[in-house]
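**Q** This is the structure I want to talk about, given as structure tokens.
There are 2 protein chains.
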Amino acid sequence: MNTSSAPSTIRDVARLAGVSVATVSRYLNQSAPLSEPTAERVRRAMDQLHFTPHPVARNLATRRTHTIGVVLNDVGGDFFAPLLDGVLSGIESLNYNLLIIATRPDLRANPAILGPMYTDGLLVFWDSLEKADLDALIQSGHPCVLIHQSPPPGAKIPLVTIENKAATRRLIDHLVEVHHRRRILFLRGPAGNEDSQWREAGYREALAAHSIAYDPRLVLKGGFDRFISQKAMQDLIESSLDFDAVFTGDDEAAIGALQALKLAGIRVPEDVSVVGFDDQSLAPFLSPSLTTVHAPTDQVGRMAARQLLRLINGEETEPEILLPTELVIRNSCGCPLPVSD
Amino acid sequence: MNTSSAPSTIRDVARLAGVSVATVSRYLNQSAPLSEPTAERVRRAMDQLHFTPHPVARNLATRRTHTIGVVLNDVGGDFFAPLLDGVLSGIESLNYNLLIIATRPDLRANPAILGPMYTDGLLVFWDSLEKADLDALIQSGHPCVLIHQSPPPGAKIPLVTIENKAATRRLIDHLVEVHHRRRILFLRGPAGNEDSQWREAGYREALAAHSIAYDPRLVLKGGFDRFISQKAMQDLIESSLDFDAVFTGDDEAAIGALQALKLAGIRVPEDVSVVGFDDQSLAPFLSPSLTTVHAPTDQVGRMAARQLLRLINGEETEPEILLPTELVIRNSCGCPLPVSD
DNA sequence: TGCTATGATGTAACCGGTTACAGAAAACGG
DNA sequence: CCGTTTTCTGTAACCGGTTACATCATAGCA
Numbered sequence: 099m100n101t102s103s104a105p106s107t108i109r110d111v112a113r114l115a116g117v118s119v120a121t122v123s124r125y126l127n128q129s130a131p132l133s134e135p136t137a138e139r140v141r142r143a144m145d146q147l148h149f150t151p152h153p154v155a156r157n158l159a160t161r162r163t164h165t166i167g168v169v170l171n172d173v174g175g176d177f178f179a180p181l182l183d184g185v186l187s188g189i190e191s192l193n194y195n196l197l198i199i200a201t202r203p204d205l206r207a208n209p210a211i212l213g214p215m216y217t218d219g220l221l222v223f224w225d226s227l228e229k230a231d232l233d234a235l236i237q238s239g240h241p242c243v244l245i246h247q248s249p250p251p252g253a254k255i256p257l258v259t260i261e262n263k264a265a266t267r268r269l270i271d272h273l274v275e276v277h278h279r280r281r282i283l284f285l286r287g288p289a290g291n292e293d294s295q296w297r298e299a300g301y302r303e304a305l306a307a308h309s310i311a312y313d314p315r316l317v318l319k320g321g322f323d324r325f326i327s328q329k330a331m332q333d334l335i336e337s338s339l340d341f342d343a344v345f346t347g348d349d350e351a352a353i354g355a356l357q358a359l360k361l362a363g364i365r366v367p368e369d370v371s372v373v374g375f376d377d378q379s380l381a382p383f384l385s386p387s388l389t390t391v392h393a394p395t396d397q398v399g400r401m402a403a404r405q406l407l408r409l410i411n412g413e414e415t416e417p418e419i420l421l422p423t424e425l426v427i428r429n430s431c432g433c434p435l436p437v438s439d
Numbered sequence: 099m100n101t102s103s104a105p106s107t108i109r110d111v112a113r114l115a116g117v118s119v120a121t122v123s124r125y126l127n128q129s130a131p132l133s134e135p136t137a138e139r140v141r142r143a144m145d146q147l148h149f150t151p152h153p154v155a156r157n158l159a160t161r162r163t164h165t166i167g168v169v170l171n172d173v174g175g176d177f178f179a180p181l182l183d184g185v186l187s188g189i190e191s192l193n194y195n196l197l198i199i200a201t202r203p204d205l206r207a208n209p210a211i212l213g214p215m216y217t218d219g220l221l222v223f224w225d226s227l228e229k230a231d232l233d234a235l236i237q238s239g240h241p242c243v244l245i246h247q248s249p250p251p252g253a254k255i256p257l258v259t260i261e262n263k264a265a266t267r268r269l270i271d272h273l274v275e276v277h278h279r280r281r282i283l284f285l286r287g288p289a290g291n292e293d294s295q296w297r298e299a300g301y302r303e304a305l306a307a308h309s310i311a312y313d314p315r316l317v318l319k320g321g322f323d324r325f326i327s328q329k330a331m332q333d334l335i336e337s338s339l340d341f342d343a344v345f346t347g348d349d350e351a352a353i354g355a356l357q358a359l360k361l362a363g364i365r366v367p368e369d370v371s372v373v374g375f376d377d378q379s380l381a382p383f384l385s386p387s388l389t390t391v392h393a394p395t396d397q398v399g400r401m402a403a404r405q406l407l408r409l410i411n412g413e414e415t416e417p418e419i420l421l422p423t424e425l426v427i428r429n430s431c432g433c434p435l436p437v438s439d
């Protein structure tokens, strides 16, 4: 009946059970053995009062927040949902909370929120922090795990990312070997993006392996962005440079590339093969359906969360986790429709 | 050079400035006037010590968390990213933090985390809480705003959602008036989904307005899900019931419907018009591009966040915000390609 | 000049937990 | 049977802020 009374505290419980607050606390945390009769009385008192320990008070006393932060710049992007889904499944039922820390190119994060008072550790996604902020964070020693971005040299910060180079190699090999493409465009990602750098390395390796000369005119800025890549493709088409395939760097850029080709009346895949990277959720529904490389973004999130928890608990962590990627053949490369999908 | 020393506290600042902790606190919160010389000394001491007030201690003392929670079941779904993006922009620079509370059909939320100790208020998305948990939350009086779901009768909880019925009416009107469709399928959303109910009402209203008899055989379960809707469409096609258009309930179901039609060799939009709802990010890239209704999901997030903040601050709130939706004509209804896109 | 209103600051209790330390009782070993 | 260890429990300090109340100058006023 005392529904709307003030929530009860550990002292209320102690009083009702006829024990000290320390005893109640020990019961809560199993931090010391209690005699069975005492435990029973505490238990009784607790549920008679509907007692729930106050997390903030506990956080203050233990100097742990039981919260991990995810630092991201690109909320709303296609990476966001699967990544967070993975992170959540990584901390599931471990009594950890998830705090979203959104940064923007124009909006630096409040430095304090990166500090140890808000979270027990941070998951830092590529491009979410200015270099200075990242360095300061690393210096501070606050646990963090980087996602899709290597730590600065010397820093021993775990990294979780995906395998880019070998997968790209297989992707380009497929274009050359199966579809006999030899003039293959590459749309670079944003400056400084490591995924893009590795993909470019895979691209060049594949060309070299097939004795195809590297032509710098075939490498454009796609920015992992549909509009930038559409513009880049349009410009290239106007320049009437010859090409028979496009590796768009990522799926997002593939959207723009497909659009540009369509508007120019160039048929995909008959005239030009198009392949992407990431296997975003819309890849199967583009037209033609997009041949790409599956990036296990949810797993990246899950693994990163696990690494961070290990770090927080002082356990051993892997310095680097490279998750495997997988070629996904659909139609935009020129392969026929599968029987069903 | 004392870089790695323990972080300084308000008492350290007080000592260095030669004032009491209360004075420092007053400076921090502007909660009482300070003489300029005192203020100056506090300021000096603060940045000499790089002092940052400890948020958890502050939360404990003020019994506010400066955090709002978003309760969601469908992390990873297409709603998630834009919604959160909107929420973040709604709380931007207001010193509020965002906690993600993910529930799953199989995993009930820890009841405590819905309580007032973790957050100052909650944004509750449709279907994220069991009825009992929602009722308990509302009973508790903890501030909350519902998203895409009306409160139980009698409860005075603000609601933020979108206009469904009139938009659906316009959508179906378009099919009938422009494309002369009269046998229009409707794929219902999940049971209990209010959006779906309103869309169905709009659908029926449009039929009635054009004197088209309502045929219950044309209403199927699409579940707002690509697989469910694909299956439903396939079954319907096999039953060889006649139809010339499909309103898929949402865009997600449109994916499945398009797939089923394609596999059956039925041409869209020549043989059958297909229209969706939501205007998810992939809608323009389906083939043919999807005629749909734009749902301003990011705005829903922003508005809901704002309402919640008002509620938390004891200001007046709107009982219900219905955000306008807008018809987006593309090609899947049968309209020609726009000049550019 | 003496008395009160005002403004600035300090003291100490409080938010609600955890935990170091101490003490008492029970178990153990010789 | 007594000293030592072990097991359980209590006392009180502590985490790092906020704030009600008290205090003390100083300004204002008659």
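Residue numbers (our numbering), protein chains in the order written: chain A, 99 to 439; chain B, 99 to 439. The beta-carbon is built from N, C-alpha and C at its ideal position, and this holds for glycine as well.
From B:A304, B:R162, B:E424, B:V373, pick the residue whose C-alpha is nearest to that of B:A393; which is it?
**A** Of the listed residues, the one whose Cα sits closest to B:A393 is B:E424.
**Q** Under a three-way DSSP split, which group does B:A402 fall into?
**A** Correct three-state label for B:A402: helix.
**Q** Using beta carbons (cut-off 8 Å, strictly below), is B:D183 in contact with chain A?
**A** For B:D183, the answer is yes, since a Cβ of chain A falls inside 8 Å of its Cβ.
**Q** Short of 9 Å Cβ to Cβ, which residues in the stretch 337 to 368 of chain A face chain B?
**A** Going along the stretch 337 to 368 of chain A in chain order, one finds I353, L356, Q357, L361 with a Cβ nearer than 9 Å to chain B.
**Q** Should B:N429 be labelled buried (16 or more other beta-carbon atoms within 10 Å of its own) or exposed?
**A** Buried: at least 16 other Cβ atoms inside 10 Å.
**Q** Using the beta-carbon of each residue, which ones in chain B are nearer than 9 Å to A:N157?
**A** Result: V154, N157, L158.
**Q** Cα-Cα, which of B:T346, B:E336, B:H308 is closest to B:V317?
**A** Residue B:T346 is the option with its Cα nearest to B:V317.
**Q** Run down chain B in chain order and give the residues with a C-beta less than 9 Å from the C-beta of A:G213.
**A** Correct list: P105, T150.
**Q** Please report the straight-line C-alpha distance between B:A130 and A:Q247, rounded to a whole angstrom.
**A** One C-alpha to the other measures close to 46 Å.
**Q** DSSP on A:S129, reduced to helix/strand/coil?
**A** Three-state result, A:S129: coil.
**Q** Are B:V169 and B:A207 close, meaning C-beta to C-beta below 8 Å?
**A** Cβ distance < 8 Å, so B:V169 and B:A207 count as in contact.
**Q** Output, in chain order, the set of chain A residues within a Cβ distance shorter than 8 Å of B:A210.
**A** Here the neighbours are T150, P153.
**Q** Indicate whether the contact test is met: 3 or more Cβ pairs, each with one atom in the stretch 372 to 386 of chain B and one in the stretch 265 to 281 of chain B, closer than 8 Å.
**A** The stretch 372 to 386 of chain B is in contact with the stretch 265 to 281 of chain B.
**Q** Over the uninterrupted beta strand (DSSP E) stretch that includes A:S371, give me the two end residues.
**A** Note, A:S371: beta strand (DSSP E), 371 to 373.
**Q** Can you tell me which of the three DSSP states A:L421 falls into?
**A** It is a strand residue.
**Q** Against A:T163, what residues of chain B qualify as contacts under a CB-to-CB distance less than 8 Å, listed in chain order?
**A** What A:T163 touches in chain B: V154.
**Q** Ignoring anything shorter than 3 residues or poking outside the stretch 212 to 242 of chain A, list the beta strand (DSSP E) runs there in chain order.
**A** Segments of the beta strand (DSSP E) lying fully in the stretch 212 to 242 of chain A: 219 to 223.
**Q** Suppose only complete runs of 4+ residues qualify. What are the alpha helix (DSSP H) ranges in the stretch 164 to 215 of chain A, listed by chain order?
**A** You should have 178 to 189.
**Q** Where does B:V366 land, buried or exposed, given buried means 16+ other C-beta within 10 angstroms?
**A** B:V366 comes out buried.
**Q** Counting only beta-carbon separations shorter than 8 Å, does A:A200 have a partner in chain B?
**A** Closer than 8 Å: yes.
**Q** Measuring only the C-alpha atoms, how far is B:G167 from A:F149?
**A** Their backbone Cα atoms lie some 22 Å apart in a straight line.
**Q** In three-state DSSP terms, what is A:L244?
**A** Looking at A:L244 - three-state DSSP - the assignment turns out to be strand.
**Q** If you run the structure through DSSP and keep just helix, strand and coil, what is A:D313?
**A** Looking at A:D313 - three-state DSSP - the assignment turns out to be coil, as it is neither helix nor strand.
**Q** For the stretch 404 to 417 of chain A and the stretch 196 to 203 of chain A, state whether three or more C-beta atom pairs, one from each stretch, are separated by less than 8 Å.
**A** With the cut-off at 8 Å, the stretch 404 to 417 of chain A and the stretch 196 to 203 of chain A do not touch.
**Q** If you draw a straight line from the C-alpha of B:R161 to the C-alpha of A:P288, how long is it?
**A** Cα to Cα, the separation comes out at about 44 Å.
**Q** Is A:R302 closer than 8 Å to A:Y312 when the C-beta atoms are compared?
**A** Result yes, Cβ atoms of A:Y312 and A:R302 sit closer than 8 Å.
**Q** Going by the DSSP bridge assignment, what does A:I270 pair with across the sheet?
**A** Answer by DSSP bridge pairing: none, since A:I270 is not bridged.
**Q** Are the Cβ atoms of A:P241 and A:D271 separated by less than 8 Å?
**A** No. Outside cutoff.
**Q** B:S385 touches chain A at which residues, Cβ-Cβ below 8 Å?
**A** Within 8 Å Cβ-Cβ: F383, L384, S385.
**Q** Once you ignore the five residues that flank A:S438 on each side, which residues in its own chain have a CB closer than 7 Å to its CB?
**A** Low local confidence applies: a pLDDT of 47 at A:S438 is under 50, so the model's placement there is unreliable, with the coordinate-based value given in what follows. Counting only Cβ-Cβ distances below 7 Å, and skipping sequence neighbours, we find nothing.
**Q** If B:V243 sits next to B:Q405, beta carbons under 8 Å apart, how far is it from one beta carbon to the other, in whole angstroms?
**A** Indeed, because the Cβ distance is near 5 Å, the residues count as touching under 8 Å.
**Q** Return the residue from the list B:I353, B:E228, B:G320, B:P153 that minimises the CA-CA distance to B:P209.
**A** Checked all of B:I353, B:E228, B:G320, B:P153; the closest Cα to B:P209 is B:E228.
**Q** At least one CB of chain B closer than 8 Å to the CB of A:F178: is that the case?
**A** Closer than 8 Å to some Cβ of chain B, the Cβ of A:F178 qualifies, so yes.
**Q** So what does DSSP say about B:I260, is it helix, strand or coil?
**A** Reduced to three states, the DSSP call for B:I260 is strand.
**Q** Output the residue ranges of the alpha helix (DSSP H) runs that lie fully inside the stretch 292 to 364 of chain B and measure 4 residues or longer, sorted by chain position.
**A** Taking only runs of at least 4 residues, the alpha helix (DSSP H) segments lying wholly in the stretch 292 to 364 of chain B are 292 to 307, 324 to 336, 349 to 361.
**Q** Looking only at C-alpha atoms, which of A:R279, A:A112, A:D233, A:N291 sits nearest to A:I255?
**A** Ranking the options by Cα distance to A:I255, first place goes to A:D233.
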